[in-house]
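S.K.: In order, the protein sequences belong to chains A and B.
When we follow the working numbering, the leftmost residue of the first sequence carries the number 47, and every step to the right adds one.
When we follow the working numbering, the leftmost residue of the second sequence carries the number 63, and every step to the right adds one.
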Amino acid sequence: MEKRVVFRSRWLPYALVAPQLAITTAFFFWPAGETVYQSLLLQDPFGTSVQFVGLENFRQLFHDESYRTSFGVTAVFSVLVASIGLALSLLLAVMADHIIRGALVFRTLLIWPYAVAPAIAGVLWVFLFSPAIGILPYWLGQIGITWNHLLDSRQAMALVVIAAVWKQISYNFLFFIAGLQSIPKSLIEAAAIDGAGPMRRFRTIVFPLLSPTAFFLLVVNIVFAFFDTFGIIDAATQGGPGQSTTNLVYKVYQDGFKGLDLGGSAAQSVILMAIVIGLTVVQFRYLERKVQY
Amino acid sequence: MVERRPTLDLLAYAILSLGVLLVALPVYVTFVASTQTLDQIIKVPMSLVPGSELVANYAAVLTSGSERTANAPVGRMMLVSLIVALVVPAGKIVISLLSAFAIVYFRFPGRMFFFWMIFITLMLPVEVRIVPTYAVIARLNLLNTFAGLIVPLVASATATFLFRQFFMTIPDELAEAARIDGAGPMRFFWDIVVPLSRTNMAALFVILFIYGWNQYLWPLLITTDESMYTVVIGIRRMIAGGDAATEWNLVMATAMLAMLPPALVVLLMQKWFVKGLVETEK
């Protein structure tokens, strides 16, 4: 799509894009380029000796047990966050779309967790689940479940998943509501006249028409679980116990800032970049299809 | 409307109420904890009835923070967060408006190249270039400064796209009329494009305010000086000492304070918020 009417100036357009380009170059392209370059180097934390090692960092990374573990952690974490988050918010959205009275009140009461920072969400849930003083471990204790996410890696994973789903549910909910509202009422009415009950209508009409929204949200939730949950993990478990909640981004941070393994951390960043590019391509492919649809 | 089934309605209300309760539970407990003394919280199970320390706790954190751990006043942190949350959206909107205007309303060599440069930044979130970006900021002497905290967050592909898409829908006749009347590009920008973009700017501002307020990884890396902590970082420092050292009553009061501004923005500007959220994702 292009404008038919344009203005002419030799220098003005460059002046207009200059601020944005200056910032992107200084804080995006320069560091990204350096990341790629560093991933090919081996250097000590103080930069006194630097050696070009080619793809050695990557080779080491894939032989590194703890890196492979964090891949597994990221996969489990994203699948849990996306599936539980989508299922719960779809249920809530369908219910909110069904009722007439008070729909706006319920919407308001369900969307505000979007405003909570991931790190704060982590703090809230770690307080609720604190093995020593938390109210939830006390209640769980009453029904015979011992909760200690500082020792039990599955419970630690459950904790970060719960905090992430809680944080993301409002976002999913809003998009599902928008999707539901765009389904023509006449379709639903026609099906009802033909004798289809609510469940049948959901399965054969509503859900198929919602699938583009669901797919879009799936991608967004995976991106969220990969990149935006850093604050939750850092506040709730700091990747522990052991490595059980260290996802890929948290590992880059740990190796780069705590471990000062610059080459290894940069190599991990390059792999993450490849993942983001893949996810963005998926997102845009899908968006193109939505435009045609 | 389709047929009404009372049992189904009832079920819908029951599920929604349960959902609202589960969503509200952590915040309710946080609020209760922020009104109690530390001893009351530590006593298992803590009471779920608000205590009497509301004023004392909030006054304590605002003026002196949690003295046992991060001994910095939360009032100052709120101010730092507020500055970041206001300047980041303003900066993003300004530079995105300008670059989108250039890309839509001019033909110039390198136009598509610049467009792609901006597009590619979508694929380079801070999380994938942590160490080198830190190094750049350190080299520019911007650690522990507002510039370091804000400027790297200002570049945004999504805002540029949003404005570009919106500009494409502005009728060509307006630009034509402006040209016939002898208005130059900047005059057209100020008198036509900016006023027409107001609703988009408002919606974007709401979303970006929340984005700026809730930043975590970036301020965590570049702020080591207590006077530059944002409130989200400050709270993280307060719990760093582990369960025994943490003054949970004060942490929870700080958490309430940290949630309040963005939550108010979502609730009071719900219309803009929903519009902004749905449009920035297109």
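Just so you know, even glycine gets a beta-carbon here, dropped at the ideal spot from N, CA and C.
The structure presented is a predicted model; accordingly, all values stated were derived computationally and were not measured.
Using a Cβ-Cβ cut-off of less than 7 Å, give me the residues of the region 92-114 of chain A that come near chain B, in sequence order.
M.R.: none
S.K.: Enumerate in chain order the residues of its own chain whose CB-to-CB distance from B:W310 is below 8 Å, with the five nearest sequence positions on each side excluded.
M.R.: In the second sequence, residue 310 of chain B corresponds to position 248, counting from 1. Excluding positions up to five away in sequence, the list reads A95, L100, I103 and I104.
S.K.: With a Cβ-Cβ cutoff of 8 Å, do B:I284 and B:G210 count as a contact?
M.R.: Stepping through the second sequence from its first residue, residue 284 of chain B is reached at position 222. Stepping through the second sequence from its first residue, residue 210 of chain B is reached at position 148. Going by C-beta atoms, B:I284 is nearer than 8 Å to B:G210.
S.K.: In chain A, which residues lie with their C-beta within 8 Å of the C-beta of B:T222?
M.R.: Along the second sequence, read from residue 1 onward, the residue named residue 222 of chain B stands at position 160. Chain A residues near B:T222: Q66.
S.K.: Using CA coordinates, which residue listed in A:Q188, A:Y217 and A:W171 is at the minimum distance from A:H195?
M.R.: Translated into positions along the first sequence, residue 195 of chain A becomes position 149. Looking at the Cα atoms, A:W171 is the closest of the given residues.
S.K.: Using a Cβ cut-off of 8 Å, which residues of the region 308-324 of chain B contact any Cβ in chain A, in chain order?
M.R.: W310, V313, M314, A317, A320, M321 and P324
S.K.: Return the first residue and the last residue of the alpha helix (DSSP H) that A:L226 is part of.
M.R.: In the first sequence, residue 226 of chain A corresponds to position 180, counting from 1. Start and end: S199 to Q227.
S.K.: Label B:V117 either buried or exposed according to how many other C-beta atoms from any shown protein chain fall within 10 Å of its C-beta, with 16 as the threshold for buried.
M.R.: As a first step, residue 117 of chain B must be located in the second sequence, where it is residue number 55. Per the 10 Å Cβ criterion, exposed.
S.K.: Please indicate yes or no: does the CB of B:E309 lie closer than 7 Å to some heavy atom of the ligand FMN?
M.R.: Here there are no bound small molecules, and the ligand FMN is not part of this structure.
S.K.: For A:Y339, count the other beta carbons within 10 Å of its own beta carbon; 16 or more makes it buried, fewer makes it exposed. Which is it?
M.R.: If you number the first sequence from 1, residue 339 of chain A lands on position 293. Confidence is the limiting factor: at A:Y339 the pLDDT is only 33, short of 50, which leaves the residue's position unreliable and the question unanswerable from this model.
S.K.: Using a cut-off of 7 Å between C-beta atoms, extract the partners of B:T195 located in chain A.
M.R.: Start at 1 with the first residue of the second sequence, and residue 195 of chain B comes out as number 133. Per Cβ cutoff of 7 Å: F73 and P77.
S.K.: Kindly list, in the order they appear in chain B, the residues whose Cβ is closer than 9 Å to that of A:V298.
M.R.: Taking the first sequence and counting its residues from 1, one reaches residue 298 of chain A at position 252. In chain order: E189, V190, I192 and V193.
S.K.: Return no unless some Cβ of chain B is closer than 8 Å to the Cβ of A:T120.
M.R.: Against the first sequence, residue 120 of chain A aligns to sequence position 74. Answer no: the Cβ-Cβ gap between A:T120 and chain B never drops below 8 Å.
S.K.: Any idea which residues DSSP pairs A:L87 with across the strands?
M.R.: Within the first sequence, residue 87 of chain A is the residue found at index 41, counting from 1. Paired residue(s): A:F98.
S.K.: Sort A:L86, A:V82, A:H109 and A:P183 by Cα distance to A:V99 and report the nearest one.
M.R.: Start at 1 with the first residue of the first sequence, and residue 99 of chain A comes out as number 53. Per the Cα distances, A:L86.
S.K.: By the three-class DSSP mapping on this structure, what secondary structure does B:F208 have?
M.R.: The residue you call residue 208 of chain B lines up with position 146 of the second sequence. If DSSP states are grouped into helix, strand and coil, B:F208 belongs with the helices.
S.K.: Opposite A:F53 in the DSSP bridges: which residues?
M.R.: Here residue 53 of chain A refers to the residue found at position 7 of the first sequence. Note: A:F53 sits in a beta bridge opposite B:F168.
S.K.: Tell me whether the region 230-237 of chain A and the region 143-150 of chain A touch, counting them as touching only if at least three CB pairs, one residue from each stretch, are closer than 8 Å.
M.R.: no
S.K.: Compare the C-beta of A:K49 with all C-beta atoms of chain B and state if any pair is closer than 8 Å.
M.R.: Along the first sequence, read from residue 1 onward, the residue named residue 49 of chain A stands at position 3. Yes, its Cβ sits closer than 8 Å to a Cβ of chain B.
S.K.: Just verifying my parser: in three-state terms, what is the DSSP assignment at A:F117?
M.R.: By 1-based counting over the first sequence, the position of residue 117 of chain A is 71. Shown here, A:F117 sits in a helix according to DSSP, grouped into three states.
S.K.: Out of A:R56, A:F74 and A:I321, state which residue places its alpha-carbon closest to the alpha-carbon of B:V188.
M.R.: The count along the second sequence starts at 1 and reaches residue 188 of chain B at position 126. Minimum Cα distance to B:V188 is reached at A:F74.
S.K.: Rounded to the nearest angstrom, what separates A:P287 and A:N267 at their Cα positions?
M.R.: What you label residue 287 of chain A is simply residue 241 of the first sequence in a count that begins at 1. What you label residue 267 of chain A is simply residue 221 of the first sequence in a count that begins at 1. If I take the Cα positions, the gap works out to 24 Å.
S.K.: List the residues of chain A whose Cβ lies closer than 8 Å to the Cβ of B:E288, in chain order.
M.R.: Counting from 1 along the second sequence, the entry for residue 288 of chain B is found at position 226. Within chain A, no residue comes near B:E288; the closest Cβ sits about 17 Å away, beyond 8 Å.
S.K.: Could you tell me whether the Cβ atoms of B:P336 and A:L155 are closer together than 8 Å?
M.R.: The count along the second sequence starts at 1 and reaches residue 336 of chain B at position 274. The count along the first sequence starts at 1 and reaches residue 155 of chain A at position 109. The sequence as given places Val at residue 336 of chain B; Pro does not occur at that position. No, these two residues do not count as a Cβ contact at 8 Å.
S.K.: Measuring only between beta-carbons, confirm whether A:F123 sits less than 8 Å from chain B.
M.R.: For the purposes of this step, residue 123 of chain A is taken as residue 77 along the first sequence, with counting starting at 1. Closer than 8 Å: no.
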